[in-house]
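A.B. asks: The sequence shown begins at 2 in this note's numbering and counts up one residue at a time.
Just so it is clear, CB atoms sit at the ideal spot from N, CA and C, and this is done for glycine as well.
I have a structure I would like to understand better, so I am pasting it below and will then ask my questions one at a time.
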Amino acid sequence: MNLEKYLEISQEVSAAIKNKKAVVALESTIISHGMPYPKNVETALQVEAVLREHGTVPATIAVIGGKLKVGCSKDEIEYLGKSGAKINKASRRDLAVLTARRADGATTVTTTMMIAHMAGISVFATGGIGGVHRGAETSMDISADLEEIAHTPVLVVCAGAKSILDLGLTLEYLETHGVPVIGYQTKELPAFYTRHSGFEVDYEIDSPKKLAEAFHTSQEMGLCAGMLVTNPIPKEYSMEHEVIEQAIAKAVEEARIKGIHGKQTTPFLLSRIKDVTGGRSLEANIQLVYHNAKLAALTAVELCKLETV
């Protein structure tokens, strides 16, 4: 493979990887498609600040001018935020075409994992992963995120699967593909905006050190799958399960009536849920991303200790 032709790693991130310092990857779809401007840029820069505060180097990932950028500059983050949905949402199927066309792309969980792995980064913090959509038994709408976690050895820290999904089927899919789902200090799968889903995770782990040990063991054993760490949203920002379910049901019905499907589904639903909840869901989204970044940073630091022994 000729990755150097396509991969562009910032000087700071490159030096950290070379010197075996902790690095945490961040996606860019949350910037372009997940929040309105300028809140998206403010949040992205604050997430990077959280990572630095806890001893890691942030690596925001995107496709800029056909280059797989690992460690976007402040100006590039501003560009992604201002451009918003005009930027291509880049999943696995889009990556080669966007690169060949020297186009721009905001990376999803899938492509962020892929590019992070190419660059040698093992820990990734995000908001929530995609999964099996409600009604997938007829639509076959299943996020590529699940397949990527099954095949790319990156530890993903999230607030669970987005609550717009069928959480039971999402867990079944991950089990079938050999992905361990770990609850951080919880036995229950968090559901993005809320701490509760009614579904159990595979394992509960109570410290970043133990998370790092589990992932390190997986790497040493040569297992190819990633590892999913689900970190509940802080209690003070958690929304009531019934409130968010009602908002989701309303948004899902609107999407059905308007014929919205595929990669447009999640941005539409999140936007409508924000409107239905009077903006509460947006603040919850922002806070859970900060919370996940902190846990990812602490875990990456512990993983570095194990890898340099």
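Between which two residues does the beta strand (DSSP E) containing leucine 156 stretch?
C.D. replies: Taking the first residue of the sequence shown as 1, we reach residue 156 at position 155. Per DSSP, leucine 156 belongs to the beta strand (DSSP E) from 156-159.
A.B. asks: Identify every residue that forms a DSSP beta bridge with lysine 70.
C.D. replies: Position 69 of the sequence shown holds residue 70. Per DSSP, Glu9, Ala63.
A.B. asks: Taking the beta strand (DSSP E) that methionine 228 belongs to, which residues open and close that run?
C.D. replies: For the purposes of this step, residue 228 is taken as residue 227 along the sequence shown, with counting starting at 1. Methionine 228 -> beta strand (DSSP E) spans 228-231.
A.B. asks: So, at 6 Å on beta carbons, what are the nonlocal neighbours of glycine 179 in its own chain, with the 5 sequence-adjacent residues on each side left out?
C.D. replies: Within the sequence shown, the letter at position 178 stands for residue 179. Excluding residues within five positions, the ones whose Cβ falls inside 6 Å are Ala226.
A.B. asks: Quick check on this structure: which residue in Tyr185, Ile206, Tyr204 has the alpha carbon closest to the alpha carbon of arginine 196?
C.D. replies: Along the sequence shown, one-based indexing puts residue 196 at 195. Residue Tyr185 is the option with its Cα nearest to arginine 196.
A.B. asks: Near threonine 100, which residues of its chain fall below 6 Å by C-beta distance, leaving aside the five closest residues on each side in sequence?
C.D. replies: As a first step, residue 100 is located in the sequence shown; it is residue number 99 there, counting from the start. Tyr7, Gly67, listed in sequence order.
A.B. asks: Considering phenylalanine 200, what are the terminal residues of the alpha helix (DSSP H) in which it resides?
C.D. replies: Locating residue 200 in the sequence shown gives position 199, counting from the first residue. It is not in any alpha helix (DSSP H) - phenylalanine 200 carries neither H nor E in the DSSP assignment.
A.B. asks: Would the beta-carbon of valine 71 fall within 8 Å of that of serine 11?
C.D. replies: Along the sequence shown, read from residue 1 onward, the residue named residue 71 stands at position 70. Along the sequence shown, read from residue 1 onward, the residue named residue 11 stands at position 10. Taking 8 Å as the Cβ cut-off, valine 71 and serine 11 qualify as a contacting pair.
A.B. asks: Whole angstroms are fine: how far does the CA of proline 59 sit from the CA of glutamate 149?
C.D. replies: Walking along the sequence shown from the start, residue 149 turns up at place 148. Walking along the sequence shown from the start, residue 59 turns up at place 58. Whole-angstrom Cα-Cα distance: 21 Å.
A.B. asks: Under a three-way DSSP split, which group does valine 180 fall into?
C.D. replies: Here the question's residue 180 lines up with position 179 in the sequence shown. Valine 180: coil per DSSP, three-state reduction.
A.B. asks: Can you find the residues in the same chain that come closer than 6 Å, C-beta to C-beta, to aspartate 167, ignoring five residues on each side of it along the sequence?
C.D. replies: The residue you call residue 167 lines up with position 166 of the sequence shown. Taken in chain order, the residues that qualify are Val133, Arg135.
A.B. asks: How would you call arginine 273, buried or exposed, if buried means at least 16 neighbouring beta carbons within 10 angstroms?
C.D. replies: Mapped onto the sequence shown, residue 273 falls at position 272. Classification for arginine 273: buried.
A.B. asks: Can you check which of these residues, Gly199, Ala192, Ser239, Leu229, is closest to leucine 175 by C-alpha distance?
C.D. replies: Position 174 of the sequence shown, counted from the start, is the residue given in the question as residue 175. With distances taken between Cα atoms, leucine 175 lies closest to Leu229.
A.B. asks: Roughly how many whole angstroms lie between the Cα atoms of leucine 52 and histidine 34?
C.D. replies: If you number the sequence shown from 1, residue 52 lands on position 51. If you number the sequence shown from 1, residue 34 lands on position 33. Each residue's alpha carbon lies about 22 Å from the other.
A.B. asks: List the whole-angstrom C-beta distance separating tyrosine 38 from lysine 83, where the pair is believed to meet the contact cut-off of C-beta under 8 Å.
C.D. replies: Here residue 38 refers to the residue found at position 37 of the sequence shown. Here residue 83 refers to the residue found at position 82 of the sequence shown. 6 Å between Cβ atoms; contact.
A.B. asks: Here's a check: name, in chain order, each residue in its chain whose Cβ is nearer than 7 Å to the Cβ of arginine 281, leaving out the five neighbours to either side.
C.D. replies: For this step, residue 281 is matched to residue 280 along the sequence shown. Answer for arginine 281: Met240, listed in chain order.
A.B. asks: DSSP state of glycine 121, grouped into three classes?
C.D. replies: Stepping through the sequence shown from its first residue, residue 121 is reached at position 120. If DSSP states are grouped into helix, strand and coil, glycine 121 belongs with coil.
A.B. asks: Nearest-angstrom Cα distance between lysine 210 and threonine 30?
C.D. replies: Residue mapping note: residue 210 aligns to position 209 of the sequence shown, counting from 1. Residue mapping note: residue 30 aligns to position 29 of the sequence shown, counting from 1. Using only the alpha carbons, I get a separation of about 29 Å.
A.B. asks: With a threshold of 16 other CB atoms inside 10 Å of the CB of methionine 36, please say whether the residue is buried or exposed.
C.D. replies: Residue 36 sits at position 35 when you count from the first residue of the sequence shown. Buried is the call here.
A.B. asks: Taking the beta strand (DSSP E) that asparagine 89 belongs to, which residues open and close that run?
C.D. replies: Working through the sequence shown from its first residue, we reach residue 89 at position 88. Looking at the DSSP string, the run of the beta strand (DSSP E) that includes asparagine 89 is 89-91.
A.B. asks: Given a cut-off of 8 Å on the beta-carbon distance, is the pair isoleucine 32 and valine 24 in contact?
C.D. replies: The sequence position of residue 32 within the sequence shown is 31, counting from 1. The sequence position of residue 24 within the sequence shown is 23, counting from 1. Result no, Cβ atoms of isoleucine 32 and valine 24 do not sit closer than 8 Å.
A.B. asks: Would you call the region 113-122 and the region 256-267 touching, i.e. three or more CB-CB distances under 8 Å?
C.D. replies: Segments in contact, no.
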